[in-house]
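**Student:** What follows is a structure written as structure tokens; I'll ask about it next.
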Amino acid sequence: MLIAVLAGLFVSVLLIPLGRLFKGRLAVLISLLPTSLFAYFASFIPTIANGEAISFHYPWVPSLGVDFHFRLDGLSLLFSLLITGIGSLVFLYASSYLKGHRYLDRFYAYLSLFMASMLGLVLADNVLLLFIFWELTSISSFFLIGFNNEDANSRKSSLTALAVTGGGGFLLMAGLILMGHLSGTYAIQEMLNASSFLKAHPWYPAILALIFAGAFTKSAQFPFHFWLPGAMKAPTPISAYLHSATMVKAGVYLLARLYPILGGTEYWTYPLIVVGGITMFYGAFHSIFRTDLKSILAYSTISALGILVFLIGIGTEQALLAAAVFILVHALYKASLFLTTGVLDHETGTREITQLGGLRKVLLPLAIAGLLAALSSAGLPFTFGFIGKDQIYEATLHTEGIMPIVLTSLAVITNILLLYAGLLVGLKPFAGKLPERYQAVHLPHWLMWTPPLLLALMGIAFGAFPALIDASLLNPAATAMINETFDSPLKLWHGFNLVLLLSGITLALGALLYLMRKPSSKSMASIERFNYLAPQYIFGKLARAVRRFAARYTRTLHNGFLRVYLFRIIMFAVLLLGFRLFTGGPIQWIPAHLSPISVYEVAVLGILIAAIFLTVNTSSRLTAVVATSVIGYCICLLFVFYSAPDLAMTQFTIDTLTVVLFVLVLFRLPPFLNLANRRDRIRDWLLASSFGAIIALITIQAMNQPFDDAVSKFYGENAYVLAKGKNVVNVILVDFRGIDTMFEVVVLSIAAIGVVSLLKLKLKASEKE
Amino acid sequence: MELLLVILIGVLYATGIFMLLRRSMVKLLIGLILLGNGANLLIFLLGRITKGAPPVIDSAAKFFTDVYADPIPQALILTAIVISFGLQAFAIVLLKRVYVLINSDDLDDLNTPEEEDI
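Chains C and E are the protein sequences, given in the same order.
Taken in order, the first sequence gives residues 135 to 903; the numbers are from the working numbering.
Taken in order, the second sequence gives residues 33 to 150; the numbers are from the working numbering.
As structure tokens, then:
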């Protein structure tokens with residue numbers, strides 16, 4: 135199973151060197167990957183249907199609780215089959231849709247990567263592993279959405295998608311870690327035992343809030359839904375794949391997966407019902423105002439995701455079964471509609487619903503696919519959508535209190551609007567009169583029209599014969615969510631009851647709406663007036679404000695003036711050290727041990743201080759350099775007084791060299807300009823003196839600490855015994871710490887190389903600018 | 033004597049910092065030299081100063097028989113002096129090169145105009 139999950143990653147890596155081979159006709163061959171994976175997962179159907187689950191465990195980082203722990207149960211299987219099954223069709227479709235595209239190899243690499251991450255996500259049985267794959271899907275979808283990278287809008291949409299899903303992922307990570315930390319394990323199966331503990335824990339609402347944030351952003355729930363319509367900038371096969379079966383269902387999957395652990399409480403139910411309810415209505419309502427086919431599909435997808443979240447929120451057995459059914463229903467008809475739209479776009483060059491019509495005469499098989507998918511989405515009897523809708527109404531009717539009326543009416547309205555949207559995409563382009571300009575349109579390569587047709591036919595087949603999949607696929611999926619065995623065969627005919635009546639009302643009103651209402655760009659304009667209220671507008675403003683703030687902040691802190699940086703750093707050091715010094719106990723003002731002062735020492739110190747002030751205050755460069763050298767020689771004398779002959783010699787040599795170099799190189803420069811005004815100088819003096827004072831005080835505190843001379847003693851005693859040298863300083867440098875000294879020589883050589891090359895460098899006239 | 037040295041260190045640090053905060057590149061470099069001298073003296077002082085007893089073992093003896101100055105600060109400072117020379121030499125030549133190129137000693141003339149584009 136590890137191979138099955140990682141195969142997509144291998145393929146995408148292999149496509150880097152071998153990509154050129156697969157740009158032409160061979161691109162079809164890459165579809166072998168999803169099809170063989172589909173066959174592999176399909177072979178597990180009988181096992182899973184028996185109520186078993188298959189686990190695979192590979193240790194990865196056991197100390198952190200991160201393991202390659204995969205588990206295939208009903209829910210995972212349903213998703214795996216959708217991912218690989220629809221994946222296979224999309225792979226095949228794209229080989230024709232993007233034929234001859236410059237980046238076809240890149241496209242397949244991203245798509246394989248995405249498929250592998252999705253598979254990992256639904257198979258992972260460890261929340262941290264799940265999170266890793268979750269992030270991988272965000273990243274690979276970023277590449278897919280921004281696939282048309284020459285288009286600025288496309289780049290912007292993919293960034294928005296990444297920002298929203300990535301931000302949610304961040305919160306999700308916090309939620310998962312919190313959950314794992316409290317329950318003491320990161321394995322999902324083991325967390326099931328901690329379920330009641332987690333639900334009673336005071337942090338439970340926080341965990342839920344974080345996890346919901348992750349699921350809502352990924353599954354485009356209101357108010358985070360706006361990245362999804364933007365993601366329609368991607369080529370249509372990608373939209374079909376990401377938005378019918380995979381990416382956006384990840385959030386739904388997460389909720390379904392965690393339902394047995396966290397679900398069923400009030401904290402779980404109400405937020406999901408409210409957010410899902412708003413989303414399903416909001417998406418459906420918006421979809422009827424759009425005239426671009428893909429926009430209609432995008433908003434109806436948002437609505438469908440809202441329905442799924444809503445159902446998981448309700449959380450009764452019927453609701454969860456309804457969710458499982460609806461996941462499959464929606465995946466089938468939505469992928470089919472997307473792929474149909476893709477062909478229309480490809481052949482006619484437009485996706486504007488107002489311009490399309492009558493295309494059944496030239497694109498008959500596609501018209502059949504569109505019609506069947508639209509009917510399934512409408513929920514006509516004998517389609518799979520009918521069963522899905524039935525299940526949804528069953529679920530909303532069997533809630534408690536006042537809920538049935540509110541929730542059911544919300545579901546009915548949403549379904550009416552969705553039905554209208556489905557007919558608009560699946561039926562409208564093919565009905566009516568064929569315009570002149572589309573007479574020459576012809577059917578594309580069969581790889582482009584068979585996938586949507588196949589998906590639409592499956593929608594009908596499953597609808598007419600639900601026994602094909604209910605016991606084998608849907609009941610196990612619901613079982614995995616409820617965590618109890620569960621068996622409820624799907625039926626096409628429940629007899630005359632309220633549910634059937636509701637279905638009838640939905641159909642009738644939806645059909646009426648379709649007949650009465652003509653889509654036009656005017657209706658689009660009428661709702662665009664309210665854009666300033668839309669979440670994406672507010673998020674956009676927020677993003678711009680953050681950017682402006684960052685720019686201002688950077689300009690203030692990182693303004694390019696060295697002295698400003700230094701000033702702040704030193705001021706901070708002064709404040710920090712000063713604070714510690716004055717709060718850290720009594721300050722000693724005088725060193726504890728004072729040696730006697732002699733006249734010549736005072737004389738040297740006097741010269742030193744005078745030289746220092748001359749250095750600072752002179753306006754002649756040469757005077758400053760000479761004064762600096764006087765400072766150096768005076769320090770050299772101090773070294774002589776206090777038993778450091780080696781230091782004195784070194785200081786003397788180096789100081790002489792520095793002065794010579796300074797004068798040789800710089801003597802032709804002009805005198806110092808006094809660039810700072812009085813106020814700046816006073817401010818700098820204040821800071822500099824307070825820093826000097828703090829250093830002096832710290833020195834006194836340090837000197838008054840007990841002195842530990844163990845290391846000095848070691849060197850003193852062993853210099854001759856071990857290293858056969860009598861000058862201890864020299865022995866330390868060349869023997870005990872010989873390697874340090876060697877590196878010092880290296881540093882000096884590098885500096886020398888730098889000096890020589892700077893001196894010899896002769897720039898061309900053009901480079902001087 | 034220690035107190036005087038402490039004051040000297042404070043003065044060296046203060047003037048070093050003050051020079052670092054100037055706009056002139058040569059002053060910046062002098063500030064660096066002053067600061068380096070201050071740091072060397074600080075290390076030296078913290079090793080306790082001793083008069084007339086360099087850390088050199090008597091030619092007849094195998095180890096010290098009398099008090100001696102601490103060799104460790106001296107070894108550290110020796111390294112520091114040599115390394116700071118490398119730095120100073122490079123910086124002086126760099127200054128010269130910058131001066132030849134832009135004909136100015138003012139740090140602000142080095143700022144690139146792209147910064148304004150944010």
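Built from N, CA and C at the ideal position, the CB exists for glycine as well.
In this text, all values refer to a predicted model and were calculated from it rather than measured experimentally.
Name, please, each residue of chain E whose Cβ falls closer than 8 Å to the Cβ of I743(C).
**Tutor:** Result: L40, V43.
**Student:** Identify every run of the beta strand (DSSP E) within the segment 157-186 of chain C, keeping only runs that are complete inside it and at least 3 residues long; order them along the chain.
**Tutor:** Segments of the beta strand (DSSP E) lying fully in the segment 157-186 of chain C: there are none.
**Student:** Since I believe T299(C) is in contact with S329(C) (beta carbons under 8 Å), could you give me their beta-carbon distance rounded to a whole number of angstroms?
**Tutor:** About 27 Å separates the two Cβ atoms, so there is no contact after all.
**Student:** What's the call for A458(C), buried or exposed, on a 16-neighbour Cβ count within 10 Å?
**Tutor:** Per the 10 Å Cβ criterion, buried.
**Student:** Look up S251(C) in the DSSP assignment and give the residues it is bridged to.
**Tutor:** Paired residue(s): none; S251(C) is not in a bridge.
**Student:** Check the C-beta distance from G318(C) over to A46(E) and give it rounded, since I have them as a contact under 8 Å.
**Tutor:** Wrong, their Cβ atoms sit about 57 Å apart, outside the cutoff.
**Student:** So with Cβ pairs under 9 Å, would you call I137(C) a contact of chain E?
**Tutor:** Not an interface residue.
**Student:** What's the C-alpha gap between M313(C) and L126(E)?
**Tutor:** Spanning the two alpha carbons is a distance of roughly 58 Å.
**Student:** Could you work out which residues of chain E lie near P730(C), taking near to mean beta carbons separated by less than 8 Å?
**Tutor:** Within chain E, the residues near P730(C) are M33.
**Student:** When the distance is taken between beta carbons, is V477(C) closer than 9 Å to L442(C)?
**Tutor:** No, these two residues do not count as a Cβ contact at 9 Å.
**Student:** Where does L206(C) sit, in a helix, a strand or coil, going by DSSP?
**Tutor:** If DSSP states are grouped into helix, strand and coil, L206(C) belongs with the strands.
**Student:** Are there 16 or more other CB atoms within 10 angstroms of the CB of M33(E), so buried, or fewer, so exposed?
**Tutor:** M33(E) comes out buried.
**Student:** Short check: CB of G593(C) to CB of V463(C), under 9 Å?
**Tutor:** Yes, these two residues count as a Cβ contact at 9 Å.
**Student:** Could you give the first and the last residue of the continuous beta strand (DSSP E) run that contains W194(C)?
**Tutor:** Note, W194(C): beta strand (DSSP E), 188-195.
**Student:** Roughly how many angstroms lie between the CA atoms of L591(C) and I526(C), to the nearest whole one?
**Tutor:** In a straight line, the C-alpha of L591(C) is about 22 Å away from that of I526(C).
**Student:** Measuring only the C-alpha atoms, how far is G397(C) from N609(C)?
**Tutor:** Taking the straight line joining both Cα atoms gives about 19 Å.
**Student:** Identify the contact partners of L78(E) in chain C, using a Cβ-Cβ distance below 8 Å as the criterion.
**Tutor:** In chain order: T833, A836, M837.
**Student:** When you compare each of N631(C), W580(C), M650(C), L581(C) to L557(C) by their alpha carbons, which one comes out closest?
**Tutor:** Comparing Cα positions, the closest option is M650(C).
**Student:** Give the residues of chain E in contact with T792(C), contact being defined as C-beta atoms less than 7 Å apart.
**Tutor:** Going along chain E in sequence order, the residues near T792(C) (Cβ under 7 Å) are F117, Q120.
**Student:** Skipping 5 residues on each side, what residues in its chain have a beta carbon closer than 6 Å to that of D138(E)?
**Tutor:** Excluding positions up to five away in sequence, the list reads R55.
**Student:** With H, G and I counted as helix, E and B as strand and the rest as coil, what does DSSP make of A574(C)?
**Tutor:** Three-state DSSP puts A574(C) in coil, outside helix and strand.
**Student:** Residues in its own chain within less than 7 Å of I150(E) by CB, not counting five upstream and five downstream?
**Tutor:** Note that I150(E) scores a pLDDT of 38, beneath 50, so its modelled location is shaky and nothing firm can be said.
**Student:** Looking only at C-alpha atoms, which of V408(C), A595(C), I502(C), T482(C) sits nearest to M537(C)?
**Tutor:** Comparing Cα positions, the closest option is V408(C).
**Student:** Is it the case that the Cβ atoms of W904(C) and I834(C) are separated by a distance below 9 Å?
**Tutor:** Beyond the ends of chain C as shown, which are 135 and 903, falls residue 904(C); an answer cannot be given.
**Student:** With 9 Å set as the bound, which would you pick, yes or no: does the beta-carbon of V799(C) sit closer than that to a beta-carbon of chain E?
**Tutor:** With 9 Å as the cut-off, V799(C) counts as an interface residue toward chain E.
**Student:** Could you give the distance in angstroms between the alpha-carbon of A507(C) and the alpha-carbon of R485(C)?
**Tutor:** One C-alpha to the other measures close to 18 Å.
**Student:** Enumerate in chain order the residues of its own chain whose CB-to-CB distance from V862(C) is below 7 Å, with the five nearest sequence positions on each side excluded.
**Tutor:** Here the set comprises Y849, G850, A853.
**Student:** If you measure between the beta carbons of P87(E) and S729(C), is that distance less than 9 Å?
**Tutor:** Not a contact, by the Cβ cut-off of 9 Å.
**Student:** Going along chain C, which residues have a C-beta under 7 Å from I109(E)?
**Tutor:** Residues of chain C passing the Cβ test: L781.
**Student:** Who are N260(C)'s beta bridge partners in DSSP?
**Tutor:** The partner list for N260(C) (beta bridge, DSSP) reads A321(C).
**Student:** Mind checking who V88(E) pairs with in its DSSP beta bridge?
**Tutor:** Answer is N861(C), bridged to V88(E).
**Student:** Mind listing the chain C neighbours of A101(E)? Cutoff is C-beta to C-beta under 8 Å, in chain order.
**Tutor:** Y776, S777, A778, listed in chain order.
**Student:** Helix, strand or coil, according to DSSP, for V145(C) in the structure here?
**Tutor:** In the structure shown, V145(C) sits in a helix (DSSP, three-state: H, G or I).
**Student:** Using a Cβ-Cβ cut-off of 6 Å (strictly less than) and excluding sequence neighbours within five positions of E147(E), which residues of its own chain qualify?
**Tutor:** Note that E147(E) scores 46 on pLDDT, short of 50, meaning its location in the model is unreliable and no value can be drawn from it.
**Student:** Note down, in chain order, every chain E residue with its Cβ under 7 Å from the Cβ of Q785(C).
**Tutor:** I113, listed in chain order.
**Student:** Output, in chain order, the set of chain A residues within a Cβ distance shorter than 9 Å of W819(C).
**Tutor:** Checking the listed chains, one finds no chain A in this structure; the protein chains it contains are C and E.
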